[in-house]
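S.K.: Below is a structure I'd like to ask you about.
Numbering (our numbering), first residue to last: 69 to 255.
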């Protein structure tokens, strides 16, 4: 249901009114983003998960924009907030394009790094039981000393002794970083 400031975007429909100003699609700036380069620089410094989160957030907003456009095409009421989101579509599209360009450069590097890590583990063994890793029993790494273990081996050591079996860090400081094989898609 439209808010008190709602208006339809059909032909000849009045634009939404907000206190002190009138918004319409025609009045919104479609000028190029002045901060495109700043966004690229920011993304270059960001971590891959941060980039991925930004991509998903923008995609979600663009889906909302599409819903609003469909609503307006059916001459249904559109409120001021929805008009503002519609007006941000060009900026969202540019931001998404920049993030996807950055991801296109970053993703092959990440895949290669992950492959190298997994190859390094392929011929290595658990620091506790000295068995090699397999797809059924993959490696995990501790944050305290960086050694690799089978998950069950590390859990047993930490539960029974209360510390890392290699560096003796207390179990509250011995966090685990799981090693995952990428399956060709982002999780």
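Cβ coordinates follow ideal geometry from the N, Cα and C atoms, glycine included. Model, not experiment: these values are computed from the prediction.
1) Hey, how far is the Cα of residue 240 from the Cα of residue 214?
2) Decide if residue 217 is buried, meaning its Cβ has at least 16 other Cβ atoms within 10 Å, or exposed.
3) How would you call residue 122, buried or exposed, if buried means at least 16 neighbouring beta carbons within 10 angstroms?
4) Please identify the residue among 148, 174, 197 whose C-alpha is closest to the C-alpha of residue 117.
5) If we ignore side chains and look at the alpha-carbon of each, how far apart do residue 201 and residue 221 end up?
6) Please state if the CB of residue 140 and the CB of residue 133 are separated by a distance shorter than 7 Å.
7) Determine the contact status of residue 154 and residue 136, defining contact as a CB-CB distance below 7 Å.
8) Just list the residues that DSSP pairs residue 207 with in beta bridges.
9) Any chance you could list the alpha helix (DSSP H) runs of at least 4 consecutive residues sitting entirely within the stretch 114-171, in chain order?
10) Once you ignore the five residues that flank residue 237 on each side, which residues in its own chain have a CB closer than 8 Å to its CB?
M.R.: Walking through what the data contain:
1) The residue labelled residue 240 in the question sits at position 172 within the chain shown. The residue labelled residue 214 in the question sits at position 146 within the chain shown. If you take the alpha carbons of residue 240 and residue 214, they lie about 15 Å apart.
2) Counted from its first residue, the chain shown places residue 217 at position 149. It counts as buried.
3) Along the chain shown, read from residue 1 onward, the residue named residue 122 stands at position 54. Buried.
4) Your numbering for residue 117 matches position 49 in the chain shown. The residue with the shortest Cα to Cα distance from residue 117 is 174.
5) Locating residue 201 in the chain shown gives position 133, counting from the first residue. Locating residue 221 in the chain shown gives position 153, counting from the first residue. It is roughly 12 Å from the alpha-carbon of residue 201 to the alpha-carbon of residue 221.
6) As a first step, residue 133 is located in the chain shown; it is residue number 65 there, counting from the start. As a first step, residue 140 is located in the chain shown; it is residue number 72 there, counting from the start. The answer is no: Cβ separation not under 7 Å.
7) Counting from 1 along the chain shown, the entry for residue 154 is found at position 86. Counting from 1 along the chain shown, the entry for residue 136 is found at position 68. Cβ atoms of residue 154 and residue 136: closer than 7 Å.
8) The residue given as residue 207 occupies position 139 in the chain shown. 218, per the DSSP bridge assignment.
9) Listed in chain order, they are 116-141, 148-155.
10) Position 169 of the chain shown, counting from 1, holds the residue named residue 237. So the list reads 210, 212, 213, 231, once near-sequence residues are dropped.
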